[in-house]
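Engineer: Sequential numbering of the sequence shown, starting at 2, is according to this note's numbering. Positions of the beta carbon are idealized from the N, C-alpha and C atoms, including for glycine. The structure's right below; bear with me while I get my questions together.
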Amino acid sequence: MNAPGTRVRRRPVHGVLLLDKPLGLSSNQALQKCKWLLRAEKAGHTGTLDPLATGVLPLCFGAATKFGQLQLEADKAYEATIRLGVKTTTGDAEGEVIAERPVPAVTAVQLAEVTQRFTGPIRQVPPMHSALKKDGKALYEYARAGQEVEREARDVTVHSLSLSPLDATHLKLVAQVSKGTYIRTLGEDIAEALGCGGHLRSLRRIATGHFVESQCVTLAALEAMSEEERLAQLLPVESLLPVHIRVTLASEDAGRFLSGMRRRGAWSDAETVAVFSSSPTLLGTAHIKAGELIPGRLLSPIEIQQILQTQS
Numbered sequence: 002m003n004a005p006g007t008r009v010r011r012r013p014v015h016g017v018l019l020l021d022k023p024l025g026l027s028s029n030q031a032l033q034k035c036k037w038l039l040r041a042e043k044a045g046h047t048g049t050l051d052p053l054a055t056g057v058l059p060l061c062f063g064a065a066t067k068f069g070q071l072q073l074e075a076d077k078a079y080e081a082t083i084r085l086g087v088k089t090t091t092g093d094a095e096g097e098v099i100a101e102r103p104v105p106a107v108t109a110v111q112l113a114e115v116t117q118r119f120t121g122p123i124r125q126v127p128p129m130h131s132a133l134k135k136d137g138k139a140l141y142e143y144a145r146a147g148q149e150v151e152r153e154a155r156d157v158t159v160h161s162l163s164l165s166p167l168d169a170t171h172l173k174l175v176a177q178v179s180k181g182t183y184i185r186t187l188g189e190d191i192a193e194a195l196g197c198g199g200h201l202r203s204l205r206r207i208a209t210g211h212f213v214e215s216q217c218v219t220l221a222a223l224e225a226m227s228e229e230e231r232l233a234q235l236l237p238v239e240s241l242l243p244v245h246i247r248v249t250l251a252s253e254d255a256g257r258f259l260s261g262m263r264r265r266g267a268w269s270d271a272e273t274v275a276v277f278s279s280s281p282t283l284l285g286t287a288h289i290k291a292g293e294l295i296p297g298r299l300l301s302p303i304e305i306q307q308i309l310q311t312q313s
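Right, dumping it as C-alpha cells:
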C-alpha cells in the first residue's frame, strides 16, 4: 500500500463513515486520512471535534456531502472529565495553567444544585479558543495573538446533565446538548459554580443526532482493512435523513423531479421529505406545500448511477 502523502487514483465514493476520531488529530486531519484510505474524490465532515477530543465524527463522501449540514444542527452527547482547582488558558488540558485554587469537599447536595442550575436553557459565552468568527477572523486567532475580544452570550440548551465525583479533584460529566454548546465552557462554568474553577482533562463525543459511538470504526481498524472492507463500513447517504418523511416517485416523475420540476400528488404539507425512486434510490430532499413536491437538495443522475453500480 502507498504511504500517506503519495498520489493515489481517486474514485467516486458515496456514503457516510462513522469514525471514532482519535486523540491528537484535528477533524480535518482525520477526514483527509479517511479520504485517502477510501481513495475518495470528495469528502467533508459534519462539525469539528477538538484535537484533544475523541469520539463520534460522521464523515460524508460524495453525494452525502450535500446533506452533511443536517448533522451540524443535531443534538450532541458528550462524556468529559473536569479537573477542579486548575484553570487554563484554553479551558482544556492543552492550555497553560493561569490559576490554581484549593478544591473544597464537594457534597452530593452541591452537585445536585449545580446540575439543576446548568440543565435546560442556559446562556453561554463562547471561548476565545474556538472557530467562531468576529470581524471575519476566528476567535482562536485573536487568542493566539494574546488578544481577548468581547463575545456575546448565546442561548443553548443542556437537555440532560449528570455530574459524579471520580476523586477529590475530578468530576465526570455526561451531557446531551443542543448545537452550539461548548462543553469546555460548560465544564469551566460548573467548576466556577463549585467555587474553585477548573478545566476539561478529557472530552469524548458519544453521540451526534441518531449516530452513536458503538457504530463507529477506529482509524487504526480502518487502516488494517482491505479496500472492500473499508467501503463496507459506509452507511448509505439516506442515513443522514432519518426523520425525513419518505416520498416515493414512479420512474417518469422521478426523472422530472431530478431535473428540478415540481410534482403534484396527494401529499400532506411537510417541511422536509426524503424523495426516492421506486428502485428504491434516494433522489434528494424536498418540501411539500399544497400538494406540490418542491425540490430541495438533489443528487445528480451521475451520482445516482454510481451509487447503483456499487450496489449491484
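With DSSP run on the structure shown, which of helix, strand or coil describes Glu293?
Structural biologist: strand
Engineer: CA-CA distance, Leu112 and Glu101?
Structural biologist: 21 Å
Engineer: Does the separation of the CB atoms of Leu204 and Ala287 fall below 7 Å?
Structural biologist: no
Engineer: Would you call Arg8 buried or exposed, if buried means 16 or more other Cβ atoms sit within 10 Å of its Cβ?
Structural biologist: exposed
Engineer: Kindly list the residues whose CB is nearer than 6 Å to the CB of Thr120, restricted to its own chain and excluding five residues on each side of it in sequence; keep chain order.
Structural biologist: Val159, Leu162
Engineer: At 3 residues or longer, what runs of the beta strand (DSSP E) sit wholly inside the stretch 96 to 120?
Structural biologist: 98 to 101
Engineer: Starting from the C-beta of Met226, find all residues in its chain whose C-beta is less than 8 Å away, skip the five residues before and the five after it, and write them out in chain order.
Structural biologist: If you ignore the 5 residues before and after Met226, its C-beta comes within less than 8 Å of the C-beta of Gln234, all in its own chain and listed in chain order.
Engineer: Excluding the 5 residues preceding and the 5 following Gly188 in the sequence, name in chain order all residues of the same chain whose CB lies nearer than 8 Å to its CB.
Structural biologist: Ala81, Ile83, Gly92, Leu174, Gly199, His200, Leu201
Engineer: By DSSP's criteria, Phe212 is part of a beta bridge. Which residues make up the other side?
Structural biologist: Note: Phe212 is bridge-paired with Thr209 in the DSSP secondary-structure output.
Engineer: When DSSP builds the beta bridges, which residues end up paired with Leu174?
Structural biologist: Ala81, Leu164
Engineer: Just to confirm the assignment, what range does the alpha helix (DSSP H) spanning Gly63 have?
Structural biologist: Element bounds for Gly63: n/a, residue is neither H nor E.
Engineer: Just to confirm, are Val248 and Leu283 a CB contact at a threshold of 7 Å?
Structural biologist: no
Engineer: Return helix, strand or coil for Pro302, following the three-state DSSP convention.
Structural biologist: helix
Engineer: Would you tell me roughly how many angstroms separate the C-alpha atoms of Arg155 and Arg12, rounded to the nearest one?
Structural biologist: Taking the straight line from one Cα to the other gives about 42 Å.
Engineer: Run through DSSP, which three-state label would Thr186 get?
Structural biologist: helix
Engineer: Can you name the start and end residues of the alpha helix (DSSP H) that Asn68 belongs to?
Structural biologist: As written in the sequence, residue 68 is Phe, which differs from the Asn given in the question. Note, Phe68: premise wrong, no alpha helix (DSSP H); not H, not E.
Engineer: Using C-beta distances below 7 Å, list every residue in its chain close to Trp268, excluding the 5 sequence neighbours before and after it, in chain order.
Structural biologist: Val248, Ile289, Gly292, Leu294
Engineer: Would a C-beta distance cut-off of 7 Å place Leu50 and Lys22 closer than the cut-off?
Structural biologist: yes
Engineer: In angstroms with no decimal places, state the Cα-to-Cα distance between Leu300 and Phe258.
Structural biologist: Counting only the Cα atoms, Phe258 lies some 11 Å from Leu300.
Engineer: Report yes if the C-beta distance between Phe212 and Leu73 is below 7 Å; otherwise report no.
Structural biologist: Cβ distance not < 7 Å, so Phe212 and Leu73 don't count as in contact.
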